[in-house]
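Written out below as structure tokens is the structure these notes cover.
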Amino acid sequence: MSGRGKGGKVKAKAKSRSSRAGLQFQVGRIHRLLRKGNYGERVGAGVTIAQGGVLPNIQAVLLPKKTETKKTA
């Protein structure tokens, strides 16, 4: 019995960072891209797509409605 050590505990199944955080996308991939640093172009291209779908909905909800001005006689 040389060099085997003691019987260790059974290792638990690996859990991804995405499942720990409760997210659908890959946390590891996002972390790698952020560490790499050249993500400015990717973010810039995606912003226009997001603005096209989100801004019409935001305008209806957040912008105040036009009210009639009260006429004083």
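For the sequence shown, position 68 matches number 68 in the UniProt record's numbering, and the numbering has no gaps at all.
Glycine residues also receive a C-beta, built at the ideal position from the N, C-alpha and C atoms.
List the endpoints of the continuous alpha helix (DSSP H) containing residue i.
i, result
"A12", "It is not in any alpha helix (DSSP H) - A12 carries neither H nor E in the DSSP assignment."
"L33", "27-36"
"R17", "17-21"
For the candidate residues the options, whose alpha-carbon lies nearest to that of residue i?
i, options, result
"S18", "R4, G37, G28, N38", "G28"
Can you give me the Cβ contacts of residue i inside the same chain, cut-off strictly under 8 Å, excluding the 5 residues immediately before and after it?
i, result
"F25", "S18"
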